[in-house]
Amino acid sequence: AGGMLRKLLGKDSDALSSAEEVAVGRLGTAYRRLLMDGGRINTKSEAGFNACALFLEGLDASARALRLDAAPRTYRVAFTINYRALFPDEARNYRVDVLE
């Protein structure tokens, strides 16, 4: 599976580094722990919110471990002042409360 993931991501090597493998493994575990409600991720309950937060942390950790470039986030300058407070720069910023 690691080689397939590398090829999908456009990486040269067929093997994930140990840090990449750990990050992707943790992301998979966090994904399986998401609570679903009618085909949607449950973020309304405390347990569902926490599971989603852990998944988003894993997503960020995996992206960093795999050294994936972040997509440009220049569109954030058009956000309202409240949203700009939540997303102040071009960094990745995954928030459960915004997904609700």
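Numbered per the UniProt record's numbering, the sequence shown spans residues 1 to 100.
The beta carbon of each residue, even a glycine, is placed where N, CA and C say it ideally should be.
Sequence-distant residues of the same chain with beta carbon closer than 6 angstroms to residue i, five excluded per side
i     : result
Asn82 : none
Phe49 : Thr43, Val96
Leu66 : Glu20
Distance CB(residue i)-CB(residue j) smaller than 8 angstroms
i           : j     : result
Leu34       : Ala51 : yes
residue 162 : Tyr31 : The structure shown does not extend to residue 162, since the chain is modelled only from 1 through 100, so no value can be given for it.
residue 143 : Asp60 : Because the chain in this structure spans residues 1 to 100, residue 143 falls outside the shown range and cannot be described.
Gly58       : Arg26 : yes
Ala15       : Ser62 : no
Val98       : Leu86 : yes
As assigned by DSSP and simplified to three states, the class of residue i
i     : result
Arg33 : coil
Own chain partners of residue i with C-beta closer than 8 angstroms, once the 5 adjacent residues on each side are dropped
i     : result
Met36 : Asn42
Spatially closest choice to residue i from the options, by CA coordinates
i     : options                    : result
Ser17 : Ala71, Arg73, Arg64, Leu99 : Arg64
Ala71 : Ala47, Phe79, Asp89        : Asp89
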